[in-house]
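The structure appears right after this line, and notes come after that.
Numbering (the UniProt record's numbering), first residue to last: 1 to 146.
Right, dumping it as structure tokens:
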């Protein structure tokens, strides 16, 4: 999957559209997402809901993984630290890949506000969804059928 196709896939995701998440930058190893805080992002105490922040971190790590590997991935584990409440403005989220294995990747994401204050950060472990290889048994079976 090329970079433009992946960026379109993220931007056209119904979930990203629901939250109004924008892809600001999508390059190999460098993905930046932004969210302009609106009322539907807030909880009962008028701060951005923790689930929204977790979603931003999850999405940016996953997108960064795909930008490097050209493969989709799925979250295995996600840990979030909420450091400062956000109530308004634009939130920006970026990721760093900490470990890149054949199947398992670990990354971290950081959400900042317009004043560059860290709002939340998190670490996630993801599994790459590599295409399954045909077993040699199936391969031999297919060859014998032909």
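Each residue gets a CB set at the ideal place from its N, CA and C atoms; glycine is no exception.
| Item | Value |
| --- | --- |
| Classify residue 62 as helix, strand or coil using the three-state DSSP reduction. | helix |
| Unbroken beta strand (DSSP E) runs of length 3 or more, entirely within the segment 92-142: which are they? | 104-112, 118-128 |
| Taking the Cβ atom as the reference point for each residue, do residue 63 and residue 23 lie within a distance shorter than 9 Å? | yes |
| Using DSSP with H/G/I as helix, E/B as strand and the rest coil, what is residue 48? | strand |
| So, at 7 Å on beta carbons, what are the nonlocal neighbours of residue 15 in its own chain, with the 5 sequence-adjacent residues on each side left out? | none |
| Give every residue of the same chain whose Cβ lies closer than 6 Å to the Cβ of residue 77, excluding the five residues on either side of it in the sequence, and list them in chain order. | 125 |
| If you pair each beta-carbon of the segment 108-127 with each one of the segment 78-87, do three or more pairs fall below 8 Å? | yes |
| Please tell me whether residue 29 and residue 97 are closer than 9 Å, where the distance is taken between their beta carbons. | yes |
| How many Å lie between residue 39 and residue 75 at the Cα? | 28 Å |
| Please report the straight-line C-alpha distance between residue 141 and residue 90, rounded to a whole angstrom. | Note on residue 141: pLDDT 47, under 50, position unreliable in the model; the coordinate value appears next. Those two C-alpha atoms are separated by around 57 Å. |
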